[in-house]
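These notes are about the structure you will find just below.
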Amino acid sequence: MDHCKGCSGSKVDKEIEKITKKYKGVDGGIISALHEVQDLYGYIPESVQKYLSSNLDISMSEIYGIITFYSRFSLMPKGKYNVQVCMGTACYVKGAEAVLKEFKEKLKINEGEVTSDGKFSIEAVRCIGACGLAPAIVVNSDVYGKVAPDKVDEIISKYANE
Ligand code: FES
75 MDHCKGCSGS KVDKEIEKIT KKYKGVDGGI ISALHEVQDL YGYIPESVQK
125 YLSSNLDISM SEIYGIITFY SRFSLMPKGK YNVQVCMGTA CYVKGAEAVL
175 KEFKEKLKIN EGEVTSDGKF SIEAVRCIGA CGLAPAIVVN SDVYGKVAPD
225 KVDEIISKYA NE
């Protein structure tokens with residue numbers, strides 16, 4: 075989506091209104107609301123945080139705390155395919171740094187950035203629970219193990235034409 079996230083009068087704004095209404099007064103509703111916003115945009119825009127804060131009577135700092143606590147939530151936009159390169163200890167010692175460098179070079183972006191066509195983003199993450207497959211990466215929900223830098227091209231091209 076390339077229009078203003080949460081701007082008044084947009085279709086997206088109506089979605090946010092719907093989500094807010096659904097969780098108003100519900101115990102722990104903010105977590106469910108944030109999940110829905112994350113699914114809708116791929117991240118939680120600041121304008122939406124403000125909207126949820128004033129409409130669900132939850133402070134901005136509390137919302138920020140939740141977003142940064144759970145790795146599922148993101149403050150930044152992501153590409154259609156988000157490449158997470160594990161930099162946990164097991165992966166690091168098996169060469170994760172070289173894998174991350176190769177992704178950055180091939181996609182011409184840094185961590186936290188999105189390619190100009192909106193297709194890819196890169197994140198360096200902590201252990202993803204696949205240490206036996208180190209070095210491991212995840213593209214959306216696809217896990218790849220024993221990834222060597224010379225496999226990066228093949229992985230990217232799998233998604234580039236989708
Ligand atoms: S350290 Fe990479 S999967 Fe555990």
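In the numbering used here, the protein residues as written are 75 to 236. Don't be surprised by glycine CBs; every beta carbon is placed ideally from N, CA and C.
Grouping DSSP H, G and I as helix and E and B as strand, with all else coil, what is residue i?
i, result
"I90", "helix"
"C160", "strand"
"D131", "coil"
"I229", "helix"
"Y155", "strand"
"V212", "strand"
"S121", "helix"
"E179", "helix"
For residue i, verify whether its CB is less than 8 Å away from any heavy atom of ligand 1.
i, result
"G162", "yes"
"A234", "no"
"L174", "no"
"Y155", "no"
"Y166", "yes"
"L274", "Since the displayed the chain opens at 75 and closes at 236, residue 274 lies outside it and no answer follows."
"K202", "For the sequence presented, residue 202 should be read as Ile rather than Lys. Checking the Cβ of I202 against ligand 1 gives yes."
"A222", "no"
"L74", "Lying before the first or after the last residue shown, residue 74 is absent from the chain, which here runs from 75 to 236."
Cβ atoms of residue j and residue i: under 9 Å apart, would you say?
i, j, result
"Y97", "S106", "yes"
"P209", "K168", "yes"
"L193", "Y155", "A quick correction: the sequence has Lys, not Leu, at residue 193. Contact: yes."
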